[in-house]
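*Asks:* Let me give you the structure first, and then I'll get to my questions.
Residue numbers (our numbering), protein chains in the order written: chain A, 116 to 365; chain B, -19 to 60.
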């Protein structure tokens, strides 16, 4: 890109927005219980969720008010998703899946506000959620099905010679699930915000500042869509893994 | 003309540029999924609504690999 105006080159640091900083200064070290900006923005996300879901439905009106209607739409959407994919037995785990969906959605959307912090762009946050899903689904699979949970890896519709190789491939892809589950969400969030920051850095150069602003608007629109889709995809993959655990027969 | 600077850093930047070629495959993959969904939906519009969830799952899987390659590029640019 044109760097004639910037001397030694564009000095942009798009990854600085993902740094974790303690809230109350101190000496900058982050211990186990330090309040950081991640903590603050997660707390704000939970406050928003409580405001919509709990306070919105407090009236319990038959004809819903606006915030009750929003809460009901989100509830119905996730309920239908869990029921369609995991069946009636999957509805026992609906509270957990709903918590995942609403937290990821609200945390992602809050990250779109200027000067805020996207907590789900950190691998630490998404890997915790993905590992919890993986461990919970595996333990659930063994509890519900005993040893026949391993029939998930033994494809009975394939020729007998191929089954050991397929079983090995299936086991490897099973263990890659939490990796891809977490990196998909974190990577999408980090990539979107880093791209916005890089385009914003180009606005320093006078001649391409208008193009930079148009590009930021376009990427922001795409990012708004990606935010909702990524929350939906995380949840629907959780439902698919849950269905695999509850009904492992190929 | 003498080249100044760190050879390791140059390797990191060149690697970042090479890693971006992975995103082309991801774009083709996502387009393939959505194109197949569209051609199926135009033949059988009534059955199309039930498969939007499958389409989104397919898009997410195909896009995830492009995101992995972008992540490698970003890590090489700014975190090495």
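All residues carry an ideal CB built from backbone N, CA and C; glycine is no exception.
If you draw a straight line from the C-alpha of residue 131 of chain A to the C-alpha of residue 58 of chain B, how long is it?
*Replies:* Counting from one through the first chain, the residue named residue 131 of chain A turns up at place 16. Counting from one through the second chain, the residue named residue 58 of chain B turns up at place 78. Whole-angstrom Cα-Cα distance: 10 Å.
*Asks:* Would you identify the three-state DSSP class for residue 151 of chain A, choosing helix, strand or coil?
*Replies:* Translated into the one-based positions of the first chain, residue 151 of chain A becomes position 36. Three-state DSSP puts residue 151 of chain A in a strand.
*Asks:* Would DSSP call residue 25 of chain B helix, strand or coil?
*Replies:* Taking the second chain and counting its residues from 1, the one referred to as residue 25 of chain B is at position 45. Here residue 25 of chain B sits in helix by DSSP.
*Asks:* Pull out every residue of the segment 129 to 140 of chain A whose Cβ sits closer than 8 Å to any Cβ of chain B, in chain order.
*Replies:* Under the 8 Å Cβ criterion, the segment 129 to 140 of chain A contributes 129 and 130.
*Asks:* Give me, in chain order, the residues of the same chain whose beta-carbon lies closer than 6 Å to that of residue 345 of chain A; leave out the 5 immediate sequence neighbours on both sides.
*Replies:* Along the first chain, read from residue 1 onward, the residue named residue 345 of chain A stands at position 230. So the list reads 300 and 303, once near-sequence residues are dropped.
*Asks:* Taking a Cβ distance cut-off of 7 Å, strictly less, list which residues of the segment 27 to 55 of chain B are near chain A, in chain order.
*Replies:* Here the close residues are 33, 36, 37, 40, 44, 47, 48, 50, 51 and 54.
*Asks:* Could you pull out every residue in the same chain whose Cβ sits closer than 6 Å to the Cβ of residue 286 of chain A, ignoring the five residues on either side in sequence?
*Replies:* Along the first chain, read from residue 1 onward, the residue named residue 286 of chain A stands at position 171. Closer than 6 Å at Cβ, skipping near neighbours: 268.
*Asks:* Just reading off the alpha helix (DSSP H) that residue 359 of chain A is part of, what are its end residues?
*Replies:* For the purposes of this step, residue 359 of chain A is identified with residue 244 of the first chain, where counting begins at 1. Looking at the DSSP string, the run of the alpha helix (DSSP H) that includes residue 359 of chain A is 324 to 361.
*Asks:* Indicate the three-state DSSP secondary structure (helix, strand or coil) for residue 179 of chain A in the structure shown.
*Replies:* Numbered from 1 along the first chain, position 64 holds the residue referred to as residue 179 of chain A. Reduced to three states, the DSSP call for residue 179 of chain A is coil.
*Asks:* Quick one: give me the first and last residue of the alpha helix (DSSP H) that residue 308 of chain A is part of.
*Replies:* Reading the first chain from its first residue, position 193 is the one you call residue 308 of chain A. 278 to 317 is the span of the alpha helix (DSSP H), which, as asked, contains residue 308 of chain A.
*Asks:* List the DSSP bridge partners of residue 137 of chain A.
*Replies:* Counted from its first residue, the first chain places residue 137 of chain A at position 22. Partner(s): A:151.
*Asks:* Decide if residue 43 of chain B is buried, meaning its Cβ has at least 16 other Cβ atoms within 10 Å, or exposed.
*Replies:* Walking along the second chain from the start, residue 43 of chain B turns up at place 63. Buried, because 16 or more other Cβ atoms sit within 10 Å of the Cβ of residue 43 of chain B.
*Asks:* Once you ignore the five residues that flank residue 174 of chain A on each side, which residues in its own chain have a CB closer than 8 Å to its CB?
*Replies:* Locating residue 174 of chain A in the first chain gives position 59, where the first residue counts as 1. So the qualifying residues of the chain are 180 and 183.
*Asks:* Against chain B, does residue 306 of chain A count as a neighbour if the rule is that its beta carbon must be under 8 Å from one of theirs?
*Replies:* Along the first chain, read from residue 1 onward, the residue named residue 306 of chain A stands at position 191. True, the Cβ-Cβ gap to chain B drops below 8 Å.
*Asks:* Along chain B, in chain order, which residues have C-beta atoms closer than 7 Å to that of residue 303 of chain A?
*Replies:* Translated into the one-based positions of the first chain, residue 303 of chain A becomes position 188. Within chain B, the residues near residue 303 of chain A are 47.
*Asks:* Buried or exposed for residue 147 of chain A, going by 16 or more other Cβ atoms inside 10 Å?
*Replies:* Taking the first residue of the first chain as position 1, residue 147 of chain A is located at position 32. So residue 147 of chain A counts as exposed.
*Asks:* What's the gap between the Cα of residue 296 of chain A and the Cα of residue 288 of chain A?
*Replies:* Here residue 296 of chain A is taken as the residue at index 181 of the first chain, counted from 1. Here residue 288 of chain A is taken as the residue at index 173 of the first chain, counted from 1. Spanning the two alpha carbons is a distance of roughly 12 Å.
*Asks:* Which chain B residues are close to residue 299 of chain A, counting only those with a beta carbon under 9 Å from its beta carbon?
*Replies:* By one-based count along the first chain, residue 299 of chain A stands at place 184. Ordered by position in chain B, the residues that pass the 9 Å Cβ test against residue 299 of chain A are 40, 41, 43, 44, 47 and 48.
*Asks:* Looking at chain B, which residues of the segment 323 to 346 of chain A have a Cβ within less than 8 Å of any of its Cβ atoms?
*Replies:* Answer set for the segment 323 to 346 of chain A: 344 and 345.
*Asks:* To the nearest angstrom, how far is the alpha carbon of residue 333 of chain A from that of residue 282 of chain A?
*Replies:* As a position in the first chain, residue 333 of chain A is number 218, starting the count at 1. As a position in the first chain, residue 282 of chain A is number 167, starting the count at 1. Each residue's alpha carbon lies about 45 Å from the other.
*Asks:* Does residue 203 of chain A come out as helix, strand or coil in the three-state DSSP assignment?
*Replies:* Here residue 203 of chain A corresponds to residue number 88 of the first chain, with the count starting at 1. Three-state result, residue 203 of chain A: helix.
*Asks:* Given that a residue counts as buried once 16 or more other Cβ atoms are within 10 Å of its Cβ, and exposed if not, what is residue 257 of chain A?
*Replies:* Walking along the first chain from the start, residue 257 of chain A turns up at place 142. It counts as exposed.
*Asks:* With three or more C-beta pairs closer than 8 Å as the rule, is the segment 221 to 229 of chain A touching the segment 192 to 204 of chain A?
*Replies:* No, the segment 192 to 204 of chain A is not in contact with the segment 221 to 229 of chain A.
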